[in-house]
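A.B. asks:
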Amino acid sequence: MLYTLSLLFCLFIAIWYDILNQSRYKNTWYYILLLWFIAISALQFQVGTDLPNYMKEYKQFDVYNFDFFDLFEGGEDRRQPGWILLMYVCRFFTGDFVLFKTIQAVFLNVAVFSFFKKETKSIFLCIFLYALISYLVLNFNLLRQSFALGFALYSYSYLKDKQIAKYLLCVFAAFMFHNSAFLILLAILFNFVKYKKTTLWLTLCIAIIFIYFIYTVDITMLFLDFFKSESVDSNISSIGLGYMQSEDLGIREEFAIFSLRRLCILIVLIYVLFKTKNMPLIYMGGAYLAINILTGIFPIIWRFRIYFDISYMVILATFIKEFEMPRLKSCSKYMSVLFICVILYFFLRDYLTPYAGSSMRYIDQYYPYHSIFDPVVEYERQNYFQL
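For the sequence shown, position 301 (counting from the first letter as 1) is numbered 304 according to the numbering used here, and the numbering increases by one without interruption.
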């Protein structure tokens, strides 16, 4: 009920301010939603599939025998230095995980909301999309990557303002929390792309080469060779090979490059490209689409997509807000609501469809929600997701 009411309220606010163009108390509701998102995240109790493990790791952290060189060893779980240092500082003051979780919730959600406020006028549409698409997984599962994402969002804004030193500092900070943050470096390449005919033709050629590559290359052997290469860090190699052998997240022999959802993403990108001519943003969206396609082959790759999700939400909000047909301009607001309904269908279907041979659904990783004021352990959830 908490998630449903929150999502419905975000939808109402998005329509009220971004579709109907109301303005009264707009700034106030921005901060109210930010505080609400932080509170739900910070006050959780064992929500999600990763959080119970992080809570256990925090409780068992040996703060009294901690050594500086422990930052670079990573322990059995191969943690990055930034994560270990933050855990040490929080654990030094209190054994209660709520302090650590509050810092994570504030840092992530302030970064996301600030990015939306700086990069788009359709702030509340973006907040609604964030609540629908990424809020649960970032706040209740991917805690280490959520820190990396927060720094990534600040780095994108610094790069746009030509503050290269601050951009590189944020990239470094992101890498201190998760080694997947090297993908943020793509943004500096995208930043030099300008809207002109040669760029459009180059983009088309890159897309054709990518599709040809997917169809012709033995993906399994490619990943095996990569992870077994001596140039790849041993930790990354062992993680990658482990995922390749996973039944749920391993490489699939059969896949479709363009499903209905991916075709919709492509249409959105093309429309916003010619509408805004913002090539760096569209290239971020293109990376989002490319990783979506690769996820169909090697599902665990979806974790790399989080660095492009938020940028794609800006693109999608622009499409919802500005799409219009010459003969149906008077119906543009109804078209916006229709697009929102289509988006809701895709993602609610993902959340509510039971896993094969089970009554458990994707949403059951996060439902029911329990807070520190109602500390109930959901053993059925833990047993099914093997926590």
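Positions of the beta carbon are idealized from the N, C-alpha and C atoms, including for glycine. None of these values were measured; they are calculated from a predicted model.
With which residues is S333 paired in a DSSP beta bridge?
C.D. replies: By 1-based counting over the sequence shown, the position of residue 333 is 330. Within the DSSP secondary-structure output, S333 pairs in no beta bridge.
A.B. asks: Just to confirm the assignment, what range does the alpha helix (DSSP H) spanning R306 have?
C.D. replies: The count along the sequence shown starts at 1 and reaches residue 306 at position 303. From DSSP, R306 is part of no alpha helix (DSSP H); its letter is neither H nor E.
A.B. asks: Between the alpha carbons of P378 and Y372, how many angstroms are there, rounded?
C.D. replies: The residue labelled residue 378 in the question sits at position 375 within the sequence shown. The residue labelled residue 372 in the question sits at position 369 within the sequence shown. Their Cα atoms are separated by approximately 10 Å.
A.B. asks: Within the continuous alpha helix (DSSP H) that includes N24, where are the two ends?
C.D. replies: On the sequence shown, residue 24 is found 21 positions in, with the first residue counted as 1. Element bounds for N24: n/a, residue is neither H nor E.
A.B. asks: Please go through the region 342-386 and give each complete alpha helix (DSSP H) segment of 4 or more residues, from N-terminal end onward.
C.D. replies: none
A.B. asks: May I ask you to list the residues that DSSP assigns as paired with Q63?
C.D. replies: Position 60 of the sequence shown, counting from 1, holds the residue named residue 63. None, per the DSSP bridge assignment.
A.B. asks: Starting from E122, trace the alpha helix (DSSP H) in both directions and tell me its first and last residue.
C.D. replies: Numbered from 1 along the sequence shown, position 119 holds the residue referred to as residue 122. Run containing E122: 100-122, per the alpha helix (DSSP H) assignment.
A.B. asks: Among the candidates K324, I375, D367, Y382, whose CA atom is the shortest distance from the CA of M4?
C.D. replies: Working through the sequence shown from its first residue, we reach residue 4 at position 1. Cα-wise, what sits closest to M4 is D367.
A.B. asks: Below 8 Å, how does it come out for the region 43-62 and the region 168-182: are there three or more Cβ pairs, yes or no?
C.D. replies: no
A.B. asks: Among the candidates T123, S149, Y61, whose CA atom is the shortest distance from the CA of I309?
C.D. replies: Translated into positions along the sequence shown, residue 309 becomes position 306. Comparing Cα-Cα distances from I309 to each of T123, S149, Y61, the minimum goes to S149.
A.B. asks: Expressed to the nearest angstrom, what Euclidean distance is found between the alpha-carbon atoms of F12 and R352?
C.D. replies: Indexing the sequence shown from 1 puts residue 12 at position 9. Indexing the sequence shown from 1 puts residue 352 at position 349. Here the alpha carbon of F12 sits roughly 20 Å from the alpha carbon of R352.
A.B. asks: Would you decide whether V115 is buried or exposed? Buried here means 16 or more other CB atoms lie within 10 Å of its CB.
C.D. replies: Numbered from its first residue, the sequence shown carries residue 115 at position 112. Label assigned to V115: buried.
A.B. asks: For the putative contact between V196 and M282, defined by C-beta atoms under 8 Å, what is the C-beta separation to the nearest angstrom?
C.D. replies: By one-based count along the sequence shown, residue 196 stands at place 193. By one-based count along the sequence shown, residue 282 stands at place 279. That pair is a contact at about 4 Å.
A.B. asks: Less than 7 Å between C-beta atoms, sequence neighbours within five positions excluded: which residues of the same chain meet that for L390?
C.D. replies: Translated into positions along the sequence shown, residue 390 becomes position 387. Bear in mind that a pLDDT of 48 at L390, under 50, signals an unreliable position, so the number given afterwards is only what the model happens to contain. Answer for L390: T52, P55, N56, listed in chain order.
A.B. asks: Going by DSSP, name the residue or residues bridged to Q47.
C.D. replies: As a working note, residue 47 is residue 44 in the sequence shown. Paired residue(s): S374.
A.B. asks: Hey, how far is the Cα of E381 from the Cα of Y61?
C.D. replies: By 1-based counting over the sequence shown, the position of residue 381 is 378. By 1-based counting over the sequence shown, the position of residue 61 is 58. About 20 Å.
A.B. asks: Spell out a yes or no on whether the region 144-162 and the region 197-206 are touching, meaning 3 or more CB-CB pairs, one atom from each, closer than 8 Å.
C.D. replies: Between the region 144-162 and the region 197-206 there are fewer than three C-beta pairs closer than 8 Å, too few to call the two in contact.
A.B. asks: Throw me the rounded Cβ distance for the N182 and Q107 pair, which I believe falls under 8 Å.
C.D. replies: Here residue 182 is taken as the residue at index 179 of the sequence shown, counted from 1. Here residue 107 is taken as the residue at index 104 of the sequence shown, counted from 1. Between Q107 and N182 the Cβ distance is about 18 Å, and since that is not below 8 Å, they are no contact.
A.B. asks: Kindly indicate the opening and closing residues of the alpha helix (DSSP H) around F127.
C.D. replies: As a working note, residue 127 is residue 124 in the sequence shown. 126-136 is the extent of the alpha helix (DSSP H) around F127.
A.B. asks: Report the residue from S137, R306, F376 whose alpha carbon sits nearest the alpha carbon of M316.
C.D. replies: For the purposes of this step, residue 316 is taken as residue 313 along the sequence shown, with counting starting at 1. For the residues S137, R306, F376, the minimum Cα distance to M316 belongs to S137.
A.B. asks: So P283 is in the alpha helix (DSSP H); what residue range does that whole segment cover?
C.D. replies: Residue numbering aside, residue 283 sits at position 280 when the sequence shown is read from its first letter. Run containing P283: 282-298, per the alpha helix (DSSP H) assignment.
A.B. asks: I need the straight-line Cα distance from D70 to F213, nearest angstrom please.
C.D. replies: The residue given as residue 70 occupies position 67 in the sequence shown. The residue given as residue 213 occupies position 210 in the sequence shown. When rounded, the distance between both Cα atoms is 46 Å.
A.B. asks: Out of G299, Y291, I285, which one is the CA nearest neighbour of S262?
C.D. replies: On the sequence shown, position 259 is the one that residue 262 refers to. Selected option, being the one with the closest Cα: G299.
A.B. asks: Alpha carbons only, please: which of T206, A290, C129, A151 is nearest the one belonging to A17?
C.D. replies: Residue 17 sits at position 14 when you count from the first residue of the sequence shown. When each option's Cα is compared against that of A17, the closest is C129.
A.B. asks: How is R82 classed by DSSP in three states: helix, strand or coil?
C.D. replies: What you label residue 82 is simply residue 79 of the sequence shown in a count that begins at 1. Coil, per DSSP.
A.B. asks: Between which two residues does the alpha helix (DSSP H) containing F326 stretch?
C.D. replies: Along the sequence shown, one-based indexing puts residue 326 at 323. Careful: F326 lies outside any alpha helix (DSSP H) and carries neither H nor E.
A.B. asks: If you check the beta carbons only, do L319 and L132 fall under 8 Å apart?
C.D. replies: Indexing the sequence shown from 1 puts residue 319 at position 316. Indexing the sequence shown from 1 puts residue 132 at position 129. Going by beta carbons, L319 and L132 fall inside the 8 Å limit.
A.B. asks: Need the endpoints of the alpha helix (DSSP H) that K165 sits in, please.
C.D. replies: On the sequence shown, position 162 is the one that residue 165 refers to. Note, K165: premise wrong, no alpha helix (DSSP H); not H, not E.
A.B. asks: Near L189, what residues of its chain come up, given a Cβ to Cβ distance below 7 Å and the 5 sequence neighbours on each side ignored?
C.D. replies: Start at 1 with the first residue of the sequence shown, and residue 189 comes out as number 186. Non-local C-beta neighbours of L189 in its own chain, meaning closer than 7 Å and more than five positions away in sequence, comprise A290, ordered along the chain.
A.B. asks: Thinking C-alpha only, which one of I343, A151, F40 is nearest L186?
C.D. replies: Locating residue 186 in the sequence shown gives position 183, where the first residue counts as 1. Residue A151 is the option with its Cα nearest to L186.
A.B. asks: Give a yes or no on whether the C-beta atoms belonging to L139 and Y369 are separated by under 8 Å.
C.D. replies: Counting from 1 along the sequence shown, the entry for residue 139 is found at position 136. Counting from 1 along the sequence shown, the entry for residue 369 is found at position 366. Yes.
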